[in-house]
Each structure stands twice: as C-alpha cells, then as structure tokens.
Amino acid sequence: MNEVEEIKALLYMDKTPQEIITLGYPKDLVLQIFEREFVNRLEEAGLDLWEPN
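Under my numbering, think of the first position of the sequence shown as 662, with each following residue one higher.
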C-alpha cells in the first residue's frame with residue numbers, strides 16, 4: 662500500500678488530518694487528500710460544496 666492509500670484508509674477510519682500528520686505523514690499531502698476526499702463525499706451525498714444554503 663502506498664502513502665496515498667494509507668492516508669485514505671486512515672481517513673476512512675475516522676482519523677483527523679491532525680492525527681494522521683502526527684503519525685509522520687507529510688502535512689501538505691494529508692491536507693490535499695483530505696480536501697479531495699471531503700469534496701468527493703459531499704458530491705456522493707448529492708451536495709455541492711460551493712452551493713449557498
């Protein structure tokens with residue numbers, strides 16, 4: 662499993678980005694993956710991140 666897949670797995674185990682960073686993963690990579698996964702989950706739920714209430 663590569664670093665990106667490991668970070669994704671940790672996010673799916675409900676680890677916060679801060680917890681993942683403290684495990685030694687690069688901050689920039691963790692935040693980039695977190696943002697991408699967050700937006701993907703919103704889209705899967707039928708929500709738009711940029712849509713006003």
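Think of the CB as a built atom: it goes at the ideal place given N, C-alpha and C, for glycine as much as any other residue.
Start and end residues, alpha helix (DSSP H) containing residue i
i	result
D689	688–705
T683	678–683
L672	664–673
CB contact below 7 Å: residue i versus chain B
i	result
V665	Note that chain B does not occur in the displayed structure, where there is just one protein chain.
8 Å CB neighbourhood of residue i in its chain, flanking five on each side removed
i	result
D689	none
Close beta carbons around residue i, own chain, < 7 Å, minus the five adjacent residues each side
i	result
E698	K669, L672
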